[in-house]
Amino acid sequence: MAWYNKYRPQNFEEVVGQALTKSVLENSLKKNRIKHAYLFHGPKGVGKTTLARIFANNLNDVKTNPESKIDILEMDAASNTSIDDIRQLTESSKNPPLVGKYKIYIIDEIHMLSKSAMNALLKILEEPPIYLVFLMATTNPEKLIPTVLSRLTKLNLSNHNHEDIIKKLKMIVGVENLSIDQDSLDLIAMRSSGSLRDAVNLLETVASYELDSYSIQQTSELLGLLPTQTIENLCTNLVAGNMITQTTISQLESSGVDTEAFLGQMLDFLLTRSFEGQKSLDQLIMPVTEVLDLKLPLTSLISTIALIQLKVNTKLSPHKIINLDNPLDINSDIKSDHITPPINADEQKNTDPQNITSQPTSLGEKSEQVIAQPDSVVSTNSEPELLTNDQELNKSITIEEAEIGLIKITSQEDTPPILKMMISDLNLLNVKGSTIYIGVSNAIFQTQLKSQKLNQWICTKFKEILNSTENITVVAELRESNKPVKESKNESIKVDRISQKQKLESKIRETGTDKSDDSAIFYQVYKSLPPNADPEKLKVFPAPIQKPTDEQDWDEHTNQLFDFE
48 MAWYNKYRPQ NFEEVVGQAL TKSVLENSLK KNRIKHAYLF HGPKGVGKTT LARIFANNLN
108 DVKTNPESKI DILEMDAASN TSIDDIRQLT ESSKNPPLVG KYKIYIIDEI HMLSKSAMNA
168 LLKILEEPPI YLVFLMATTN PEKLIPTVLS RLTKLNLSNH NHEDIIKKLK MIVGVENLSI
228 DQDSLDLIAM RSSGSLRDAV NLLETVASYE LDSYSIQQTS ELLGLLPTQT IENLCTNLVA
288 GNMITQTTIS QLESSGVDTE AFLGQMLDFL LTRSFEGQKS LDQLIMPVTE VLDLKLPLTS
348 LISTIALIQL KVNTKLSPHK IINLDNPLDI NSDIKSDHIT PPINADEQKN TDPQNITSQP
408 TSLGEKSEQV IAQPDSVVST NSEPELLTND QELNKSITIE EAEIGLIKIT SQEDTPPILK
468 MMISDLNLLN VKGSTIYIGV SNAIFQTQLK SQKLNQWICT KFKEILNSTE NITVVAELRE
528 SNKPVKESKN ESIKVDRISQ KQKLESKIRE TGTDKSDDSA IFYQVYKSLP PNADPEKLKV
588 FPAPIQKPTD EQDWDEHTNQ LFDFE
């Protein structure tokens, strides 16, 4: 026999919680004020049918007159939904009880009756015989038609609280002689969501493995859940920006928890912590909620955690546009409506080669930045060696080419989704020979980049884009995500380029375009011009654009300012 039936209460004293409903029913019995129809409604597993049965047994005094049980009839409305079933019930109800004082019908899941069946039930509810009592149970009282609902005495049952569930579980543990710790019982009570029946069923599931004792780790694993401590450690590391270690990843993968259950458990933990006044992890609540709301077909915990980490630590931004004069023109593969604004004097100063400072070269940022080595690289592989003045860059692959190649790879139509998730986190660390070193901030991304399928795809794409005759190797290295990349002392790896404005003005003079205005600057326009349009013939004024005169409207004024040839 299932435990939730074996340990079902047989009297009001054994019923856990529901004090108000028990008080109403007991007072009705004491004062003999019996209504002809009751509705027990509330969530699943809180004792609706149990209370109805106990009340029915007390009405007919089954304890002293066992034969009166014959006048207590149970019906499942979920499997008897038609009007014919209700007609049969109403015909049967016209016959008085055989032994007991009342003829009692317990109808479970009453909301499952069809509309016509409910209307057929209405007549007997309006004018019931004095000996007839209906005890109905439902989880959805709003589905009952108003005319039926208005004739019922409604009793609302609520979810059981944590303490009541623990009390019941401890009673069962004592009877069954189980050895299970308090943390395990707390976990079972929490996962039951206020349903005592679900809690008893979970306890029976754990006990069915017939272990000598049950710790929180074993209970979590048996129920397909993560230990609360593991969830807490993971959340703390995500908020602090710490790297998720390979050990933690292995523990998560071996747990067998599916992604939806994992996200639900994490959100429950975060909301409980916040409700208890511990606000240190509150910033994780919205990212976890957003990932749940996306309903993506995530098949691994690694992908799920990586997506949460991206939402916490980074904001995805569109690719910035690469210079038109770059030797590797990737403009046709970058989908963007972005227009590079004119460069003013301050920006010109900041883009001067002598003023360039070393910044991390995140995917999508301009390739004018200096390629530098991170402050600390943590890896199970050998560390990539920094290039020195005595070392020459590989003739076939320069740092500049590798940097642009990395951007171009992630803009391919067939780029794997997991790589797109990492876009804002990737850094080009170094190039040595035919080996390209890519930096990531956590072990999750490193594991993905080391996977044979993804790594082989990246290497093949690098070889195609860079037209390399040699096989290219891509090595993923960990870097400390919360520390900026230091400025490299090696001047040989800095990219010596002139500013965008200087290059454009130089090109204007060479082509003879707009010789009368050497200060003209031209927008680089991608994907927004007609197929045959020439970006260099789109004039842009360095001075602020004046408003139209009173005689002009904006459309006419704009056409005069920007004239496509």
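Take 48 as the starting number for the sequence shown in this note's numbering and just add one per residue. Beta carbons: idealized from backbone N, C-alpha and C, even for Gly.
- Candidates Phe-102, Lys-510, Ser-260, of which the one nearest Ser-75 by Cα: For the purposes of this step, residue 75 is identified with residue 28 of the sequence shown, where counting begins at 1. Closest by alpha carbon: Phe-102.
- Task: Between the Cα of Pro-274 and those of Ala-184, Ala-254, Leu-234, Thr-292, spot the shortest distance and give me the residue it belongs to.
- Result: Position 227 of the sequence shown, counting from 1, holds the residue named residue 274. Among Ala-184, Ala-254, Leu-234, Thr-292, the Cα nearest to that of Pro-274 belongs to Leu-234.
- Put Pro-431 into one of helix, strand or coil per three-state DSSP. Position 384 of the sequence shown, counted from the start, is the residue given in the question as residue 431. Model confidence at Pro-431 stands at a pLDDT of 45, short of 50, so the residue's coordinates are unreliable and nothing is read from them.
- Item | Close Cβ partners of Ala-449 (< 7 Å) along its chain, the five nearest in sequence each way excluded | Counting from 1 along the sequence shown, the entry for residue 449 is found at position 402. Taken in chain order, the residues that qualify are Leu-475, Val-478, Ile-483.
- Query: Taking all protein chains shown into account, do 16 or more other C-beta atoms lie within 10 angstroms of the C-beta of Leu-145, making it buried, or fewer, making it exposed?
  - Reply: In the sequence shown, the residue the question calls residue 145 occupies position 98. Exposed.
- Sort Gln-493, Asp-118, Leu-168 by Cα distance to Ala-124 and report the nearest one. On the sequence shown, position 77 is the one that residue 124 refers to. Here the closest residue by C-alpha is Leu-168.
- Counting only the same chain and skipping the five closest in sequence on each side, list residues whose C-beta sits under 7 Å from that of Ile-355. One-based indexing of the sequence shown puts residue 355 at position 308. The answer, listed in chain order, is Leu-285, Pro-334, Val-335, Val-338.
- Task: Give the straight-line distance between the Cα atoms of Ser-260 and Leu-341, rounded to the nearest whole angstrom.
- Result: Position 213 of the sequence shown, counted from the first residue, corresponds to residue 260. Position 294 of the sequence shown, counted from the first residue, corresponds to residue 341. Those two C-alpha atoms are separated by around 40 Å.
- Item | Under 7 Å between C-beta atoms of Trp-50 and Val-247 | Counted from its first residue, the sequence shown places residue 50 at position 3. Counted from its first residue, the sequence shown places residue 247 at position 200. Yes; because the gap between Cβ atoms is below 7 Å, this pair is in contact.
- Message: Whole angstroms are fine: how far does the CA of Tyr-85 sit from the CA of Lys-201?
- Response: Translated into positions along the sequence shown, residue 201 becomes position 154. Translated into positions along the sequence shown, residue 85 becomes position 38. Those two C-alpha atoms are separated by around 6 Å.
- Query: Are there 16 or more other CB atoms within 10 angstroms of the CB of Lys-469, so buried, or fewer, so exposed?
  - Reply: Here residue 469 is taken as the residue at index 422 of the sequence shown, counted from 1. Looking at the sequence shown, residue 469 is not Lys but Met. Looking at its Cβ environment, which holds 16 or more other Cβ atoms inside 10 Å, Met-469 is buried.
- Message: Taking the alpha-carbon of Cys-506 as reference, which of Ile-519, Glu-189, Leu-72 has the nearest alpha-carbon?
- Response: In the sequence shown, counting from the first residue as 1, residue 506 sits at position 459. Nearest option by C-alpha distance: Ile-519.
- Any idea if Val-222 is buried or exposed, counting beta-carbon neighbours within 10 angstroms, 16 or more meaning buried? Numbered from 1 along the sequence shown, position 175 holds the residue referred to as residue 222. It counts as exposed.
- Task: To the nearest angstrom, report how far apart Val-359 and Ile-332 are at their CA atoms.
- Result: Counting from 1 along the sequence shown, the entry for residue 359 is found at position 312. Counting from 1 along the sequence shown, the entry for residue 332 is found at position 285. Approximately 10 Å, taken between the alpha carbons.
- Taking 8 Å as the threshold, find out whether the region 141-155 comes into contact with the region 116-133 through three or more Cβ pairs. yes
- Item | Met-122: first and last residue of the uninterrupted alpha helix (DSSP H) it sits in | On the sequence shown, position 75 is the one that residue 122 refers to. Element bounds for Met-122: not the alpha helix (DSSP H) but the beta strand (DSSP E), 119-123.
- Could you check where the alpha helix (DSSP H) with Ala-236 kicks off and where it finishes? Along the sequence shown, read from residue 1 onward, the residue named residue 236 stands at position 189. Unbroken alpha helix (DSSP H) run through Ala-236: 229-238.
- Of the listed residues Glu-114, Met-290, Asp-132, Asn-107, nearest to Thr-494 (C-alpha basis): Mapped onto the sequence shown, residue 494 falls at position 447. Checked all of Glu-114, Met-290, Asp-132, Asn-107; the closest Cα to Thr-494 is Met-290.
- Query: Would Glu-524 be called buried (16 or more neighbouring beta carbons within 10 Å of its own) or exposed?
  - Reply: Taking the first residue of the sequence shown as 1, we reach residue 524 at position 477. Result: buried.
- Alpha carbon of Met-313 to alpha carbon of Leu-258, nearest angstrom: In the sequence shown, residue 313 corresponds to position 266, counting from 1. In the sequence shown, residue 258 corresponds to position 211, counting from 1. So the two alpha carbons sit approximately 28 Å from each other.
- Which residues bound the beta strand (DSSP E) around Leu-183? For this step, residue 183 is matched to residue 136 along the sequence shown. One detail in the question is off: residue 183 reads as Met in this sequence, not Leu. Unbroken beta strand (DSSP E) run through Met-183: 179-185.
- Which of helix, strand or coil DSSP assigns to Arg-134: The residue you call residue 134 lines up with position 87 of the sequence shown. Looking at Arg-134 - three-state DSSP - the assignment turns out to be helix.
- Item | Local Cβ density within 10 Å of Phe-322, reported as buried at 16 or more and exposed below that | Along the sequence shown, one-based indexing puts residue 322 at 275. Exposed is the call here.
- Query: Applying the criterion that 16 or more other CB atoms from any shown protein chain within 10 Å of the CB defines a buried residue, is Glu-156 buried or exposed?
  - Reply: Position 109 of the sequence shown, counting from 1, holds the residue named residue 156. Label assigned to Glu-156: buried.
- Starting from the Cα of Gln-503, find the closest Cα among Phe-492, Thr-516, Val-522, Ser-488 and give me that residue. Position 456 of the sequence shown holds residue 503. Closest option to Gln-503, Cα to Cα, is Val-522.
- Query: Of all the options Thr-96, Leu-357, Ser-327, Gly-480, which has the alpha carbon lying nearest to the alpha carbon of Asn-489?
  - Reply: Position 442 of the sequence shown, counted from the start, is the residue given in the question as residue 489. Selected option, being the one with the closest Cα: Leu-357.
- Task: Note down, in chain order, each residue of its chain lying with its Cβ closer than 7 Å to the Cβ of Ala-353, except the 5 sequence neighbours on either side.
- Result: Within the sequence shown, numbered from 1, the residue matching residue 353 stands at position 306. For Ala-353, where only same-chain residues beyond five positions count, the Cβ hits under 7 Å are Met-468, Ile-491, Phe-492.
- Query: What is the DSSP secondary structure of Ile-291, counted as helix, strand or coil?
  - Reply: Mapped onto the sequence shown, residue 291 falls at position 244. Ile-291 falls in the coil class under three-state DSSP.
- Item | Asp-269 vs Tyr-256 beta-carbon contact at 7 Å | Taking the first residue of the sequence shown as position 1, residue 269 is located at position 222. Taking the first residue of the sequence shown as position 1, residue 256 is located at position 209. First, the amino acid is wrong: residue 269 is Leu here, not Asp. The answer is yes: Cβ separation under 7 Å.
- Task: Find out if the Cβ-Cβ distance for the pair Leu-182, His-158 is shorter than 7 Å.
- Result: Mapped onto the sequence shown, residue 182 falls at position 135. Mapped onto the sequence shown, residue 158 falls at position 111. Against a cut-off of 7 Å, the Cβ pair of His-158 and Leu-182 comes out as no contact.
- Message: For Ala-164 and Gln-135, what's the separation of their Cα atoms in angstroms?
- Response: Residue numbering aside, residue 164 sits at position 117 when the sequence shown is read from its first letter. Residue numbering aside, residue 135 sits at position 88 when the sequence shown is read from its first letter. The alpha-carbon atoms of Ala-164 and Gln-135 are separated by roughly 11 Å.
- Task: Let me know the secondary structure DSSP gives Asn-112 once reduced to three states.
- Result: Working through the sequence shown from its first residue, we reach residue 112 at position 65. Residue state, collapsed to three classes: coil.
- Item | Buried versus exposed call for Ala-287 [16 or more other C-beta atoms within 10 Å across all chains shown] | Stepping through the sequence shown from its first residue, residue 287 is reached at position 240. Exposed is the call here.
- Item | Arg-100 - DSSP class collapsed to helix/strand/coil | As a working note, residue 100 is residue 53 in the sequence shown. Helix at Arg-100.
- Item | Inter-residue spacing [alpha-carbon to alpha-carbon] between Ile-296 and Gly-324 | Counting from 1 along the sequence shown, the entry for residue 296 is found at position 249. Counting from 1 along the sequence shown, the entry for residue 324 is found at position 277. The alpha-carbon atoms of Ile-296 and Gly-324 are separated by roughly 29 Å.
- Contact belief for Asp-211 with Ile-263 at Cβ below 8 Å, rounded distance in angstroms: Here residue 211 corresponds to residue number 164 of the sequence shown, with the count starting at 1. Here residue 263 corresponds to residue number 216 of the sequence shown, with the count starting at 1. Going by Cβ atoms, the distance from Asp-211 to Ile-263 rounds to 21 Å, so no, they are not a contact pair.
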